[in-house]
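What the sequence shown shows, in my numbering, is residues 109 to 214, in sequence order.
Cβ coordinates follow ideal geometry from the N, Cα and C atoms, glycine included.
In what follows, a structure is listed as structure tokens, so that the remarks can point back to it.
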Amino acid sequence: MNLQIGPTTPWVAQAGPQGITATPLGFQQITTLSTAQSLTVPAGALLAVIQASTQAISWRDDGIAPTATVGMSIATGNELQYNGNLSAIQLIQVTSGAIANISYYR
Numbered sequence: 109m110n111l112q113i114g115p116t117t118p119w120v121a122q123a124g125p126q127g128i129t130a131t132p133l134g135f136q137q138i139t140t141l142s143t144a145q146s147l148t149v150p151a152g153a154l155l156a157v158i159q160a161s162t163q164a165i166s167w168r169d170d171g172i173a174p175t176a177t178v179g180m181s182i183a184t185g186n187e188l189q190y191n192g193n194l195s196a197i198q199l200i201q202v203t204s205g206a207i208a209n210i211s212y213y214r
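Now the structure itself:
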């Protein structure tokens, strides 16, 4: 699994991870993160770019739901480029009002 996390910077689909050209497949915004939420993954997606908008979010991909205090954190305005098992990752808000923006790629 190749994870990249850092400040929000423009992500160019043609310059995907490891020099692979990525094809956009869709976008999802999750506005209710008071309980752990799974992603709605488009068919064929191999990569998700997950951005924490408005508040930090926490995530886990080991089959256990994250909590506000247990999991990996994505700070407000930062993103996670995730290419593991997209159906296993779950997100939750660290602070009330968090929004997750997710773009999917093949």
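Considering only the alpha carbon of each residue, which of the options lies closest to residue i?
i: Arg168; options: Pro150, Thr143 and Ser204; result: Thr143
i: Leu155; options: Thr139, Ile138, Gln201 and Ala196; result: Ala196
i: Asn186; options: Asn193, Val178, Leu194 and Ile210; result: Ile210
i: Gln137; options: Val149, Tyr190 and Arg214; result: Val149
i: Tyr190; options: Leu141, Arg214 and Thr139; result: Arg214
i: Ile207; options: Leu141, Thr131 and Phe135; result: Leu141
In the DSSP output, what is residue i paired with across the bridge?
i: Ala160; result: Ala208
i: Ile172; result: DSSP, once it has assigned bridges, lists no residue as partnering Ile172.
i: Gly134; result: Tyr212
i: Ile182; result: Ile165
i: Ser195; result: Per DSSP, none; premise fails for Ser195.
Please list, in chain order, all residues of the same chain as residue i whose beta carbon is under 7 Å from its beta carbon, the five residues on each side excluded.
i: Gln198; result: Ala144, Gln145, Ser146, Trp167, Arg168, Ala173 and Pro174
i: Ser181; result: Ala164, Ser166 and Val202
i: Thr184; result: Ala160, Thr162, Gln163 and Ala164
i: Leu133; result: Pro150, Gly152, Ala153, Tyr212, Tyr213 and Arg214
Should residue i be labelled buried (16 or more other beta-carbon atoms within 10 Å of its own) or exposed?
i: Ser204; result: exposed
i: Gly179; result: buried
i: Asn193; result: exposed
i: Val157; result: buried
Beta-carbon within less than 8 Å of residue i's beta-carbon, same chain only, minus the 5 sequence neighbours each way: which residues are those?
i: Ala176; result: Ser166, Ile200, Gln201, Val202 and Thr203
i: Gly171; result: Ala196
i: Trp119; result: Note that Trp119 has pLDDT 46, beneath the 50 cutoff, so the model's placement of it is unreliable and the number below is only indicative. Excluding sequence neighbours, Trp119 sits near Val157, Glu187, Gln189 and Ser211.
i: Phe135; result: Asn209, Ile210, Ser211 and Tyr212
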